[in-house]
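Every position in the sequence shown, counted from 1, becomes a number in my numbering once 2 is added.
For reference, the structure discussed in these notes is given below.
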Amino acid sequence: MIPPNADTQGIGMTSARTRDRLVQRLREGGITSEVVLERIRTVPRHLFVDEALASRAYEDSALPIGHGQTISQPYVVALMTQALLEPAAGAQPLRKVLEVGTGCGYQTAVLSPLVRQIFSIERIGALLTSTRARLKALGVDNIRFRHGDGFEGWPGQAPFDGIIVAAAPADVPAALLEQLAPGGRLVIPVGPPGGQDLVRYTRHDGGLQREVLERVSFVPFLEGTD
3 MIPPNADTQG
13 IGMTSARTRD
23 RLVQRLREGG
33 ITSEVVLERI
43 RTVPRHLFVD
53 EALASRAYED
63 SALPIGHGQT
73 ISQPYVVALM
83 TQALLEPAAG
93 AQPLRKVLEV
103 GTGCGYQTAV
113 LSPLVRQIFS
123 IERIGALLTS
133 TRARLKALGV
143 DNIRFRHGDG
153 FEGWPGQAPF
163 DGIIVAAAPA
173 DVPAALLEQL
183 APGGRLVIPV
193 GPPGGQDLVR
203 YTRHDGGLQR
213 EVLERVSFVP
223 FLEGTD
């Protein structure tokens, strides 16, 4: 859990009013889960971006975090978290979640208290090192990290009740679908650069149900590690 004094570790503009305005925008944009909205309200997003960008942390926009990566806009983080958590017919509670693309750790921190354990993969070693230290300092402690290729998932820990992916492949990696538990959900952006569909797959006895949630724009999902 993120400690109550986390807001003191940054800029003074992170007032309740600033966060309330962001949450209200997300609610008006269609985010209905009060649990997810409360996480957006309480996670100190300014601690996940460079100090030079901290004044923009509570805008509903993506921001650069280095290494050619971005922190997703709060609306997209909220939408993906809500889609992962929403009960579907026959779906079981989320105990084990695989996160592909740890990034700066913002999505990880939002999701952390809402599931039992997160297994998070990041392909960029330097980014993973700094993010691991940041989340540890914030008291986010139900995470296992791995420097690896997200296309492969995490076979040794599968199956997963939920999988959330923070980069867009042209096609869904087969390994991720194979690692879904019965009733499990995969939330992933899919498509070419410049515009993708955010898709939710749910594994049922009869196969996979596919739902297109919204048009989005993500950095590309790359194979290998750096």
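C-beta: ideal position from N, C-alpha, C; glycine also.
What you are looking at is a predicted structure, and each value in this text was computed from that prediction instead of being measured.
Would a C-beta distance cut-off of 8 angstroms place residue i and residue j closer than the cut-off?
i: TYR60; j: THR20; result: yes
i: LEU200; j: LEU215; result: yes
i: VAL99; j: GLY164; result: yes
i: THR227; j: ARG146; result: no
i: ARG148; j: ILE123; result: yes
i: GLY103; j: GLY68; result: no
i: LEU129; j: GLN71; result: yes
i: PRO161; j: ALA183; result: yes
i: GLN181; j: GLY141; result: no
i: ILE120; j: ALA80; result: no
i: PHE50; j: ILE33; result: no
Determine the closest residue to residue i out of the options, with distance taken between C-alpha atoms.
i: GLY229; options: PRO115, PRO194, ASP143, PRO66; result: The requested residue 229 does not occur in the structure, where the chain is confined to residues 3 to 228.
i: LEU116; options: GLU154, GLY152, GLU40; result: GLU40
i: GLU88; options: ALA172, HIS206, GLY186, ARG27; result: GLY186
i: GLU213; options: ASN144, MET82, GLY107; result: MET82
i: GLN109; options: SER63, VAL45, ALA135, SER35; result: VAL45
i: VAL112; options: ALA177, VAL38, VAL51; result: VAL38
i: GLY150; options: GLY127, PRO171, ALA172; result: GLY127
Any idea if residue i is buried or exposed, counting beta-carbon neighbours within 10 angstroms, 16 or more meaning buried?
i: ALA18; result: exposed
i: THR131; result: exposed
i: GLY107; result: buried
i: THR133; result: buried
i: SER63; result: exposed
Between residue i and the rest of its own chain, which residues show a CB-CB distance below 8 angstroms, the 5 nearest in sequence each way excluded?
i: GLU30; result: none
i: ALA85; result: ARG187, VAL189, LEU200, ARG202, LEU215
i: VAL174; result: LEU188, ILE190, VAL192, VAL201, TYR203
i: ALA169; result: VAL102, GLY103, GLY152, PRO191, PHE220, VAL221, PRO222, PHE223, LEU224
i: ASP22; result: ARG43
Leaving aside the five residues before and after residue i along the sequence, list all residues of the same chain whose C-beta is less than 7 angstroms from its C-beta, in chain order.
i: VAL218; result: VAL78, PRO191, GLN198, LEU200
i: PRO195; result: PRO222
i: ARG58; result: LEU65
i: ALA2; result: Residue 2 is absent from the model: the chain starts at 3 and stops at 228.
Leaving out five residues before and five after residue i in sequence, what residues of the same chain have Cβ atoms less than 6 angstroms from its Cβ?
i: ILE13; result: Reliability fails at ILE13, whose pLDDT of 41 lies under 50, so the model's placement of it is uncertain and the value that follows must be treated cautiously. Counting only Cβ-Cβ distances below 6 angstroms, and skipping sequence neighbours, we find HIS48, ALA56.
i: ARG97; result: ARG118, ASP163
i: GLN211; result: THR204
Just to confirm the assignment: which complete alpha helix (DSSP H) runs, minimum length 4, are found wholly within the stretch 32–102?
Listed in chain order, the complete alpha helix (DSSP H) runs (minimum 4 residues) inside the stretch 32–102 are 36–44, 76–87.
Please give the ranges of any alpha helix (DSSP H) in the stretch 166–217, keeping only runs that are unbroken, at least 4 residues long and fully inside the region.
The stretch 166–217 contains, as complete alpha helix (DSSP H) runs of 4+ residues, the segments 176–180 (chain order).
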